[in-house]
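Sequential numbering from 1 applies to the sequence shown in the UniProt record's numbering.
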Amino acid sequence: MSTSTDHGRPDPSAQGRDAAPVSDRGDTVCVIGAGASGLTAIKNLREHGFGVDCYERETGVGGAWNWRHDRSPVYASTHLLSSKPFTQFPDFPMPDSWPDYPHHSQLLSYFERYADHFDLRSHIWFGTEVVRVEPAEGDRWDVTTRSTGGYGPERTSRYAAVLIANGHNWSPKLPRYEGLEEFRGEIMHASSYKDPAQLRGKRVLVVGAGNTGCDIAVEAAQQASRCWHSSRRGYWYAPKYVFGRPADQVNDALLALRVPLRVRQWLYHWTLRLTVGDLTRFGLPKPDHRVYETHPIANSQLVYYVGHGAIGPVPDVARFHPYAVELTDGREIDPEVVIFATGYLPRFEFLGASVFADSAGAGRPTLWLNAFTPGHPTLAVAGLLQPDSGMFTLAHWQTVLFARVLQARRDRPERAAAFAQRVRERAGERYSGQVKESSRHWFEVGHADYLRAVQRALLDLEAK
């Protein structure tokens with residue numbers, strides 16, 4: 001079996017684009033990205049006996065959680081939104097001494113220790129980006145790489161399978177507004193926001209009411225001379241602690257008891273009425289949906305600063321003028337800095353849109369279990385999830401399932417064929433209940449429902 005340090009020899013019979021030679025990597029699996037999902041993929045594939053080559057465009061592990069990376073959306077004050085027990089990998093717990101919601105620097109150290117503990121670095125090609133991934137004969141894949149930044153020659157290697165773990169929070173989604181190009185103030189996407197010093201003493205408008213937008217608005221309330229927070233609709237703002245426990249732990253206890261959704265929604269509303277009251281009296285818009293129908297916003301400080309007058313809630317932006325922003329209610333405000341916390345769109349620039357049945361190229365592939373694509377049994381995605389709790393456990397079990405599918409192709413082909421048939425029949429399944437239709441919720445999953453679905457897939461694959 002090939003090792004990760006031996007890149008194989010050119011196969012004279014194999015040629016890639018422009019008749020370039022292709023190095024055959026045998027049964028080795030290619031993993032794209034060394035963030036949380038990529039690291040657990042390397043570990044689980046290795047534990048199931050596969051050679052692994054992982055390509056990471058940056059110079060270190062951690063992906064989005066390594067804020068030294070160009071594409072990292074992390075800012076100085078970023079902490080986990082999900083609590084420690086619901087975030088950590090199931091086979092590598094976070095230290096007991098850490099807080100309920102660790103800081104991003106602790107997360108990076110966690111990934112570095114994970115990589116060292118399982119000896120993953122020897123399988124990672126740092127500073128190497130993937131240029132193309134193309135299907136080859138026998139359900140194999142030609143992967144073309146080069147040094148990050150386009151330096152040096154391209155190299156193509158043929159792999160038995162490919163696991164994509166390049167993340168989906170690095171390509172900014174920017175809105176379009178009339179007059180935006182003529183606006184004389186500073187405009188940035190939240191991906192460029194790193195430190196509250198960028199806001200100090202300035203008039204700031206934050207557009208977007210997701211978790212990042214709320215966090216930045218809170219920091220602007222403390223640093224800016226004035227802060228407006230624009231949202232298209234009202235949301236439910238969950239405190240990070242309920243009854244003295246992290247909120248996701250309380251919610252998970254209700255899920256474990258199989259409490260019906262309507263009852264959990266009633267309990268949520270009742271808790272908010274007792275703790276926060278009617279959000280509209282603060283000037284926040286009334287939500288146009290029930291709790292759990294949008295991705296949860298965990299923020300204990302937004303309402304506090306709105307209530308103290310440090311954040312001014314405003315409706316959506318109608319248009320920009322050179323020195324002002326017009327709102328949909330007709331008011332005009334005069335921010336110096338506008339921050340678009342409007343999210344991200346997944347990008348798989350190295351892969352043809354037809355492979356993912358994404359002809360529009362929008363970044364919304366048609367998958368089963370948010371991981372497997374019809375017609376390509378040796379290709380999978382890890383971490384393309386927006387869960388109501390932590391993501392690392394889900395990515396762990398996704399990659400375990402992929403490793404066992406590859407094993408079944410070798411040892412029990414009839415089981416692998418049945419699995420591929422289920423992928424074709426059930427691609428596009430959702431695991432979130434009713435949610436608002438928007439790009440923000442394309443990959444929304446309820447973690448309990450999703451893990452049960454993965455467990456059923458594992459049991460079906462391994463049934464006698």
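All C-beta atoms in this analysis are idealised placements derived from N, C-alpha and C, irrespective of residue type, glycine included.
Buried or exposed (CB count within 10 angstroms, at least 16 for buried), residue i
i	result
Gly152	exposed
Glu429	exposed
Asp388	buried
Gln222	exposed
Pro12	At Pro12, the pLDDT of 46 sits below 50, so the modelled position is not reliable; the number obtained from the coordinates is stated separately. By the neighbour-count rule (16 or more Cβ atoms within 10 Å), Pro12 is not buried but exposed.
Pro323	Checking the sequence shown, residue 323 turns out to be Tyr, not Pro. By the 10 Å Cβ count, Tyr323 comes out exposed.
Pro296	buried
Ser192	exposed
Arg409	buried
Val306	buried
Trp270	exposed
Ala395	buried
Ser83	buried
Phe243	exposed
Gly57	Note on residue identity: the sequence assigns Arg, not Gly, to residue 57. It is buried - the Cβ of Arg57 has at least 16 other Cβ atoms within 10 Å.
Leu459	exposed
Val280	Here the sequence assigns Thr to residue 280, which means Val is not the residue at that position. When all chains shown are included, Thr280 counts as exposed.
Ala253	exposed
Lys286	exposed
Trp260	Sequence check: residue 260 is Pro here, not Trp. Its Cβ having fewer than 16 others within 10 Å, Pro260 is exposed.
Ser97	exposed
Asp195	exposed
Ala463	exposed
Glu129	buried
Leu284	buried
Leu174	exposed
Arg452	exposed
residue 476	In this structure the chain extends from 1 to 464, so residue 476 is not present and cannot be described.
Where residue i sits in the DSSP three-state scheme
i	result
Pro413	helix
Asp119	coil
Tyr241	strand
Tyr114	helix
residue 495	A question about residue 495 goes unanswered here, because the residues of the chain that appear run from 1 up to 464.
Thr294	coil
His289	coil
Pro85	helix
Ser230	strand
Ile37	Per the sequence shown, residue 37 should be read as Ser rather than Ile. Helix, per DSSP.
residue 466	Residue 466 cannot be examined here, being either before or after the span of the chain that is shown, 1 to 464.
Tyr268	helix
Trp65	helix
residue 469	In the structure displayed, the chain extends from 1 to 464; residue 469 sits before or after that span and is not available.
Leu443	According to the sequence provided, residue 443 is Phe. The question's Leu does not apply to it. It is coil, neither helix nor strand.
Val263	helix
Gly312	strand
Trp236	coil
Asp24	strand
Met1	Bear in mind that the predicted position of Met1 carries a pLDDT of just 39, short of 50, making it too unreliable to give a figure here.
Val29	strand
Thr280	helix
His103	strand
Thr399	helix
Ala318	strand
Asp248	helix
Close Cβ partners of residue i (< 7 Å) along its chain, the five nearest in sequence each way excluded
i	result
Lys202	Ala224, Ser225, Glu336, Val337
Gly185	Pro335, Glu336, Val337, Val338
Pro239	Ala247, Thr275, Ser300
Ile216	Ala190, Tyr193, Val206, Ile339, Ala341
Val317	Tyr177, Val207, Ser230, Val325, Leu327
Phe350	Val130, Val131, Arg132, Val133
Close beta carbons around residue i, own chain, < 6 Å, minus the five adjacent residues each side
i	result
Ala448	Leu255
Trp228	Leu205, Gly312, Val314, Ile333
Gly60	Asn66
Met391	Leu385
Ala298	Leu81, Ala238, Lys240
Val445	Leu385, Pro387, Tyr431, Ser432
Residue i beta carbon near the ligand GDP (any heavy atom closer than 7 Å)
i	result
Ser82	Looking for the ligand GDP in the displayed structure turns up nothing, as the structure carries no ligands at all.
Contacts around residue i, its chain only, beta-carbon distance under 8 Å, and the 5 residues preceding and following it disregarded
i	result
Arg404	His48, Leu458, Leu461, Glu462
TODO: Could you tell me whether the segment 341-354 touches the segment 366-373, where touching means 3 or more Cβ pairs closer than 8 Å?
DONE: no
Open item on the list: Could you tell me which whole beta strand (DSSP E) segments of length 3 or greater appear in the segment 349-381?
Closed with: 379-381
- [ ] Evaluate the contact criterion for the segment 103-120 versus the segment 248-260: three or more CB pairs, one atom per stretch, below 8 Å.
- [x] no
Open item on the list: Across the segment 46-56 and the segment 115-128, are there enough close Cβ pairs to call them in contact, namely three or more that are closer than 8 Å?
Closed with: yes
Open item on the list: For a minimum of 3 consecutive residues, which ranges assigned as the beta strand (DSSP E) are wholly contained in the segment 140-211?
Closed with: 140-147, 155-159, 161-164, 186-189, 203-207
Open item on the list: Three Cβ pairs or more, each shorter than 8 Å: is that satisfied between the segment 207-219 and the segment 229-240?
Closed with: yes
TODO: Could you tell me whether the segment 159-174 touches the segment 91-107, where touching means 3 or more Cβ pairs closer than 8 Å?
DONE: no
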